[in-house]
Amino acid sequence: MRRGNTDAAHGSGRCQEGLQKDNWEGHEIVGKRYRRLKLIFLCVISVCCFSACGKSEEPQQAREDQQAEKETDKEKEEPELAQKQEEEQEHRIPAPSVSGRLSVKGTQLVDEQGEAGQLKGISTHGIAWFPQYVNEELFGELHREWDVNVIRLAMYTAESGGYCTDGDKEELKELLRRGVEYAAVQDMYVIVDWHILSDNDPNLHKAEALTFFDEMTKEFAGMDHVIYEICNEPNGGTSWGEIKSYANEVIPVIRANDADAVIIVGTPNWSQYVNEAAADPLVGFENIMYTLHFYAATHTDALRDTMTAAIDAGLPVFVTEYGICDASGSGGIDEAQADAWIQVMDEYKVSCVAWNLSNKEETSAIFRSSVDKVSGFAQEDLSESGSWLYQMLTKQKEEGSL
Ligand code: IDC
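Residue 398 in the working numbering sits at position 275 of the sequence shown; the count goes up by one each step and never skips.
If you want it as structure tokens, here you go:
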């Protein structure tokens, strides 16, 4: 307020001064001043007009820029959105960096946000026999190019080179450590599989299992991407009761070191009788899932029905091993049955892991037996099982390329 008044007073004083100079010189001075004032006035007006014009163009320009930006964003977002929708439709858990530690809610495997989803991946062959495929390049390639988000490390407990028979325990544990580390670096989940098979009953090597899981879970505690499978395939008449009694001893050992990692428990008859587990599940533990295995050329509707009935009855099922050939791991492929299995697993959001990551001369191996490389695979390096798996995982039904 005060400042305005002072300015006004100054202005009127200057005017009076100019009008008092009534002579030629005075006229001249007044004329000069008048011209100068006119010039200043014109300058001010043109500056104002110019800036006003500029200003009026600015929002227009900004609007156009914003629009263009929005359109580029939209263009960028559209494929991202489509991809997200596709993923949502597919129920795939992307990776540990996105989904964090997994847990079990009802019958479902869920991510850290509680969203249910599937893991899809590949199992190694016995790591004692095919250690060369436990390598970081290959794991990275499987994640990036095959959309694999889980690797299963199969460690046989019996057979030749088995952990509880004549295998080199330290070497085997070292392979597991490396596999767990490579999976972490390559942003995938990993299953540590105590692969009983010819040893039929997990109780046979229970003492060693207890020591092994105690040691491993101490080392891997706090690693969110590690999942434990405590007995691959009980068989040879091993009952659910016997498996339960083994699980009731092994699970507390794991829980003492890792309070909430997902633990997968095998079921009778080569992990097929999930109905028995559904009728009498383990009690008192969280984050437990139950194993079902199938080989599509052998196991068809009847086993699919057993699986869906068990899930419908409330059992969380994880298919930690399957093949699209017969149960020997060889023989012919049944693609129609394989597709029927995938369809029902997708429908029920059942996670699944294909057997096996090797070039062994058997149908279930995903690499051709003539191919010795251990990473950098191309389409022509894949066996029939490998091609099917690659196309299924990457959703390319036509000839895909690596
Ligand atoms: C098979 C391998 C084969 C190996 C054999 C050892 O493919 O090369 O000689 O084990 O006995 C399973 C088992 C899995 C089998 C697989 C195929 O979990 O170890 O691997 N299979 O027979 N259950 C059903 C089939």
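Built from N, CA and C at the ideal position, the CB exists for glycine as well.
Because the structure is a prediction, the values reported are computed rather than measured.
- By the Cβ-count criterion, E293 is exposed, with fewer than 16 other Cβ atoms from all chains shown falling within 10 Å of its own Cβ.
- Across the set L327, Y445 and W464, the C-alpha of Y445 shows the shortest separation from the C-alpha of L480.
- Note on geometry: alpha-carbon atoms of D289 and L438 lie some 36 angstroms from one another.
- Ranked by how close their Cα comes to the Cα of G455, the residues A488, L261 and L232 have A488 in first place.
- When secondary structure is reduced to three states using DSSP, G263 falls in the helix class.
- In this structure, L320 has its beta carbon less than 8 angstroms from a heavy atom of the ligand IDC.
- Looking at the DSSP output, Q241 shares a beta bridge with R215.
- In this structure the segment 319-338 lies against the segment 261-281, because at least three pairs of beta carbons, one per stretch, are closer than 8 angstroms.
- Ranking I319, I377, C354 and N371 by CA distance to the CA of F343 puts I377 first.
- In this structure, the C-beta of E282 approaches the ligand IDC to less than 8 angstroms from one of its heavy atoms.
- DSSP places W252 outside any beta strand (DSSP E), giving it a letter other than H or E.
- In the structure shown, the three-state DSSP call for A477 is strand.
- With 16 or more other Cβ atoms from the protein chains shown falling within 10 Å of its own Cβ, T230 counts as buried.
- Secondary structure of S226 (DSSP, three-state): strand.
- Going by DSSP, F417 is part of the beta strand (DSSP E) stretching over I411 to Y418.
- A direct Cα-to-Cα measurement between E372 and L333 gives close to 8 angstroms.
- Contact between I350 and V313 is confirmed by a C-beta separation of about 7 angstroms, below the 8 angstroms threshold.
- Take T361, set aside five residues on each side of it, and the residues of its chain with a beta-carbon closer than 7 angstroms to its own are N323, D324 and P391, in chain order.
- Contact check for G302 and I274: beta-carbon distance about 7 angstroms, within the 8 angstroms limit, so the pair qualifies.
- A distance below 9 angstroms separates the beta carbons of V385 and L232.
- The criterion of a C-beta distance shorter than 9 angstroms is satisfied by Q241 and R215.
- In this structure, A450 places its C-beta atom within 9 angstroms of the C-beta atom of T421.
- Within the DSSP bridge table, the entry for G446 names Y418 as partners.
- Non-local C-beta neighbours of D381 in its own chain, meaning closer than 6 angstroms and more than five positions away in sequence, comprise T340 and A344, ordered along the chain.
- DSSP places L276 in the uninterrupted beta strand (DSSP E) bounded by V273 to Y279.
- Listed as beta-bridge partners of H318 by DSSP are Y279.
- Rounded to whole angstroms, L295 and I250 show a C-alpha spacing of 7 angstroms.
- A direct Cα-to-Cα measurement between G407 and E484 gives close to 44 angstroms.
- With a beta-carbon spacing of about 6 angstroms, S394 and L415 fall inside the 8 angstroms limit used to define contacts.
- Bridge partners of Y312 according to DSSP: V273.
- If you draw a straight line from the Cα of I411 to the Cα of S220, it comes to about 22 angstroms.
- In the three-state reduction of the DSSP assignment, F343 falls in the helix class.
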